[in-house]
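Some notes on the structure that comes next.
There are 2 protein chains.
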Amino acid sequence: MLSDKKLSNALRFLSLDMIEAAKSGHPGIALGMADVLYILFKNHLVFNPSDPSWRLRDRLIFSAGHGSALLYSCLYLSGYKDFNIDQIKRFRSLHSNTPGHPEFSRCNNGVEATTGPLGQGIGMAVGMAMASKISGDTNKIFVICGDGCLAEGISQEAISFAGHYNLNNLVVIFDDNNITIDGSTSLSSSCDHATRFGASGWDVILSDGHNYDEIDSAITQSKGSKKPVMIAFKTIIGFGIASLEGSCKIHGAAVGPENISIARRRLMWDSEPFDIPDDILLAWRSFWLRNEKLYDASYNFTGRQQDVELNWDAVLKSVQMHSCATRVSSAEVIESLLMQSANILGGSADLSSSNNTRVSMHQDITRDHFDGNYIHYGIREHLMAAACNGILLYDGSAFKRPYCGTFLVFSDYMRPAIRLSALMGLPVIYIFTHDSIGVGEDGPTHQPVEQIASLRMMPNMLTIRPCSPLEVVCAWRAAIENTTGPTSIILSRQKIEYVNHLPISYEDFIRGAYKFYGASDAADVVICATGSEVHLAYLVAIKLEKQSLTVRVVSVPSVERFLLQPRDYVDSMIGNCRTKCVIEAGIRFGWDRILKDQDLFFGVDDFGISGKCEDVFNAFGLNLDNITQSIINSLKFTSF
Amino acid sequence: MLSDKKLSNALRFLSLDMIEAAKSGHPGIALGMADVLYILFKNHLVFNPSDPSWRLRDRLIFSAGHGSALLYSCLYLSGYKDFNIDQIKRFRSLHSNTPGHPEFSRCNNGVEATTGPLGQGIGMAVGMAMASKISGDTNKIFVICGDGCLAEGISQEAISFAGHYNLNNLVVIFDDNNITIDGSTSLSSSCDHATRFGASGWDVILSDGHNYDEIDSAITQSKGSKKPVMIAFKTIIGFGIASLEGSCKIHGAAVGPENISIARRRLMWDSEPFDIPDDILLAWRSFWLRNEKLYDASYNFTGRQQDVELNWDAVLKSVQMHSCATRVSSAEVIESLLMQSANILGGSADLSSSNNTRVSMHQDITRDHFDGNYIHYGIREHLMAAACNGILLYDGSAFKRPYCGTFLVFSDYMRPAIRLSALMGLPVIYIFTHDSIGVGEDGPTHQPVEQIASLRMMPNMLTIRPCSPLEVVCAWRAAIENTTGPTSIILSRQKIEYVNHLPISYEDFIRGAYKFYGASDAADVVICATGSEVHLAYLVAIKLEKQSLTVRVVSVPSVERFLLQPRDYVDSMIGNCRTKCVIEAGIRFGWDRILKDQDLFFGVDDFGISGKCEDVFNAFGLNLDNITQSIINSLKFTSF
């Protein structure tokens, strides 16, 4: 019979070998948490290494993503095929399956989420736990957190959210080692985490993290809880490397061959580096057999709704073509989509009626009823985005499509989680309303000026700012059809006058820019505009035409998409003119691929100001007279 | 004798009149918190309306910034000159002193901080409390928080930080009304805030928020506490408007004349709108007299260190000119600055040795010793930035200059607070290290690619990415001399080979770009680069020169500064060439004011990848061979 020590030390030495070979990595957590992970895999975790996509599996997330070596060791020993010994040896090297921090891949290989930025994992775990509840599944979501994760503000949002919805399928495994990078936690923290979790309605279990029986009974106890559970495992960082145990020095650097030799002698581990004795490997690879019967049964699980082909003509017909804020049209689209599909899951961070994200077809999800289609995330923007990531990670294939709303300016609060949506390729739909100085009286703290650009610049983010009810429908369609990354739909607070312009097709729209009004060929003036400024551009065009100038107004719902079009198309929109301008009530940054030196930009290159919407637009020269006159002036200095 | 009711209702009706005239604003908190604010001003707050800059005043921050009407009412009634009745009547209109949310102005007028984005105020209050402790002052910092502020993750960072440092000069006044915008707090929250604060070492006091005696005794008790204190005042949102009391409907919209009439009758308030009876005004204006003696005494306070003229030559001499990471040179600059000035206050979010922010001259601040010059912020990036704002707000004139560090990629966690630094014009110095894919093995979660651009685009932010020890000295000088807004210094993790290039002056550097190497006049190729890529540009130039091409390498430590230079200077750098390119290990976004269509950009227009630093640079084509060859190829298609 193999001892627990041998079986858990396999994790330790494999991790050490990986980190030593890479000369880079985080041995502290790998050594400190090996005993807990071993017991979890041996006796508790529901998984099948041959089918990492098995829907009813438990989820295991390393919110402390720097524990990647330990995670990969677990996956290799358990027999996940993407983590064979070659991959293990290539830890942290280019194009390996074993990068520095865990990276979610769409092929499902046992890594459930991309983690590393602290606190994101617990946020995603909360989303997964919610998704599991909504699905009526009975699995568990385990998430490994260190002091770092629990110090980040997002963890509090996650903890209080999970407590409110009583996500009792969630187990936080706290690596309670009293060490952070700078030294003892006592340098910067005195928080009693047990009491803190308790304040949000969690059960808390305290356990020694190196006593196998205690670990086992703590996890057993957690699985039976009626509340979300936090298990604080008292561990010793770097357990096994005597000279570094309990020290911050072992957190994030290879320990060197001498330290490894000493540890090998002390823990009586005498295999070659990367060599796991057959009996140990065999034992590890049989752990999952506990779940074999459960696995068979799961094949019979049905009753989940499949996504439907959406009828966009029906959506279009349901949306009023009139003067209104684009956030209002968005609500009409949502209502229509909900009539067609049960797979759309709405939510907002306490701004349901301002973001127009909640409609009559919505049924709130509550702690007692998870069969709704709307989540009140509370004033927790950051958690909201992380939870949407988790919802999509839970079962990306045919589950719910989450969207979530807040004011555009508060996208700043969510940015680390939005970045992970983009990095993981998760199609979260972000509804950002109150999209410019048009917010008016609430002033500069609530008026986004740099946020649209900050979203456009993020790799793999599709940012759309529609200008009309018709474009709002198209924006939603683009978002729904964008399945490889997040979409931000940027909507106005204020009413936009309706223009009965040329009919456009979705195909025009999705090129990112199209002729909204005016001349198709040579024009004196080309005006590019987005969102609420397209109407202004249209008025400018009318006024310029009265002066016998030819004008083309180009609506640019997505600059990035537009710049990806063939040169011919780009030229047909913004070429062939004497002068060109852009109108967008935001910063110029990012528009200079379209604007040349002599071109004009009408926008807001400073923070906004409190006042009535119209007054604020005037204060920045964003009005008919100023723009028209500036264009006329500039034409004096240009020739065709 | 005027009744408490009359005196507090003055706040209510003035606020209602303001909101009604503006047809915009937040009556809920104004009505709900009027009684608490009245008692605070009447009996407790240490202030002098004739000298809003009085250093030993208590600070009052509305973290719930939507309570601006209530704050302005307090300031007007107390006699602050910037809040006269004309300003009160212009609530939320353009260029008034009474914008939609409180806005800090550098002239000090009674508004202590710009607030509105929830949770920021409590973060800044923590910074002020820390600054007061460091100064050895004995005043109090009061901060008004609603459920929204306490739901935001940053509040937990603030609470746990304040508890750890035992900031017992801090009093959180919680407007505990059980209502958020979407409805009852029970929709999304079940957190027991009292227990939560207790878990971080706070005293908690519960009080009725409409019983004057209870309010008074709660505040009295809070002032004597040995710990930071949270007073949960149970209040009724919209108190006074019977039909809307306790409802979310009164949170954020004018209530209409009919509701006001009913409230006037019910609360027996019969003055005209905006008219405060003389006796009430007189009473309010005498509240501060409690502090008259204290005020006199404070004039005698001395012993604060004045800032010194820094000797930058001495700094320069102390920095080694050799091959090293720019973060290493930054530590040398810090060490040298600390020898000259006691007014620099360092800190990091648990990455002191990675960010190289802590040097031998540093003495940690602890809960028992506030006379140090280094703050361990813990893993609380968001709070760190907000606290630095608070430290500068506390006494901007001649106090400490805070800098704080983390990894560049985690600037995303701090963005809402960084935005407030920029909006308020506070010269926080942000030290962002690990500035590109050069981070290497830690992979895409830790490799910034869009963050430099996201900082450059923020209004009033100075972003500097130095390329050498010399430029690091200049970057620090630019940061110290930039007193009207924040500065981000972007530093490499990896070593940069030293180039003994042309001598430059600070005057060259501060223009944002200067000739680093090569041809001054006409050149075949101009290469612009920043930070760690300047050395690469230099190598490319050497190689191109061997092919008889003339090359100019332009180091661009600050693109925005550069673009503000006179046209002649800009042309002398990037004009007069056959082709031009930019090398920066980040996204292209924002560089198109410099690049023309046929120009080349060598960067990273996608998320990064885990691997050895050099391998990752190669994976993105950021190497000598690829760049040189691409430039040569492009020259085939261009003519001078």
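Residue numbers (the working numbering), protein chains in the order written: chain F, 5 to 644; chain D, 5 to 644.
Where a beta carbon is used, it is the ideal one built from N, C-alpha and C, also for glycine.
Are the CB atoms of residue i and residue j nearer to each other than 7 Å?
i, j, result
"residue 418 (chain F)", "residue 389 (chain F)", "yes"
"residue 476 (chain D)", "residue 333 (chain D)", "yes"
"residue 518 (chain D)", "residue 531 (chain D)", "no"
"residue 461 (chain D)", "residue 426 (chain D)", "no"
"residue 377 (chain D)", "residue 366 (chain D)", "yes"
"residue 238 (chain D)", "residue 212 (chain D)", "yes"
"residue 384 (chain F)", "residue 161 (chain F)", "yes"
"residue 553 (chain F)", "residue 528 (chain F)", "yes"
"residue 164 (chain D)", "residue 126 (chain D)", "no"
"residue 407 (chain F)", "residue 435 (chain F)", "yes"
"residue 246 (chain F)", "residue 210 (chain F)", "no"
"residue 533 (chain D)", "residue 526 (chain D)", "no"
"residue 349 (chain D)", "residue 117 (chain D)", "no"
"residue 555 (chain D)", "residue 522 (chain D)", "yes"
"residue 65 (chain D)", "residue 26 (chain D)", "no"
"residue 108 (chain D)", "residue 428 (chain D)", "yes"
"residue 536 (chain D)", "residue 583 (chain D)", "no"
"residue 200 (chain F)", "residue 198 (chain D)", "no"
Which first and last residues belong to the beta strand (DSSP E) in which residue i is found?
i, result
"residue 253 (chain F)", "Unbroken run through residue 253 (chain F): none, as it is neither H nor E."
"residue 434 (chain F)", "433-437"
"residue 522 (chain D)", "518-522"
List the endpoints of the continuous alpha helix (DSSP H) containing residue i.
i, result
"residue 261 (chain F)", "261-270"
"residue 10 (chain D)", "8-26"
"residue 420 (chain F)", "415-428"
"residue 86 (chain D)", "Residue 86 (chain D) -> no alpha helix (DSSP H), and no H or E assigned at all."
"residue 31 (chain D)", "31-43"
"residue 239 (chain D)", "Run containing residue 239 (chain D): none; DSSP gives neither H nor E here."
"residue 166 (chain F)", "157-168"
DSSP three-state label for residue i, please.
i, result
"residue 469 (chain D)", "coil"
"residue 152 (chain D)", "helix"
"residue 641 (chain D)", "coil"
"residue 636 (chain F)", "helix"
"residue 195 (chain D)", "coil"
"residue 306 (chain D)", "Low confidence applies here, because residue 306 (chain D) scores a pLDDT of 46, under 50, leaving its location unreliable; read the following figure in that light. Here residue 306 (chain D) sits in coil by DSSP."
"residue 177 (chain D)", "strand"
"residue 96 (chain F)", "coil"
"residue 629 (chain D)", "helix"
"residue 1 (chain D)", "The structure shown does not extend to residue 1 (chain D), since chain D is modelled only from 5 through 644, so no value can be given for it."
"residue 5 (chain D)", "coil"
"residue 624 (chain D)", "coil"
"residue 582 (chain F)", "strand"
What whole-angstrom Cβ distance do residue i and residue j have, given they're in contact under 8 Å?
i, j, result
"residue 597 (chain F)", "residue 607 (chain F)", "In fact, because the Cβ distance is near 15 Å, the residues do not count as touching under 8 Å."
"residue 115 (chain D)", "residue 146 (chain D)", "Not a contact, Cβ separation roughly 14 Å."
"residue 324 (chain D)", "residue 336 (chain D)", "7 Å"
"residue 352 (chain D)", "residue 381 (chain D)", "7 Å"
"residue 632 (chain D)", "residue 538 (chain D)", "In fact, because the Cβ distance is near 16 Å, the residues do not count as touching under 8 Å."
When you measure from the CB of residue i to every non-hydrogen atom of the ligand GTP, does any distance come out below 6 Å?
i, result
"residue 547 (chain D)", "The ligand GTP is absent from the structure shown, which contains no ligand whatsoever."
Sufficient close CB pairs (3 or more, under 8 Å) joining the stretch 91-101 of chain F to the stretch 607-620 of chain D: yes
Should the stretch 178-188 of chain F be called in touch with the stretch 151-159 of chain F, which here means at least 3 C-beta pairs below 8 Å? yes
Meets three-Cβ-pair contact criterion under 8 Å: the stretch 60-76 of chain D and the stretch 265-279 of chain D: no
Is the stretch 627-642 of chain F in contact with the stretch 479-491 of chain F, if contact means three or more CB pairs nearer than 8 Å? no
Does the stretch 130-140 of chain D touch the stretch 13-22 of chain D, meaning 3 or more C-beta pairs lie closer than 8 Å? no
Contact between the stretch 45-57 of chain D and the stretch 287-300 of chain D (3+ Cβ pairs under 8 Å): yes
Could you tell me whether the stretch 6-13 of chain F touches the stretch 37-44 of chain F, using the rule of 3 or more Cβ pairs below 8 Å? yes
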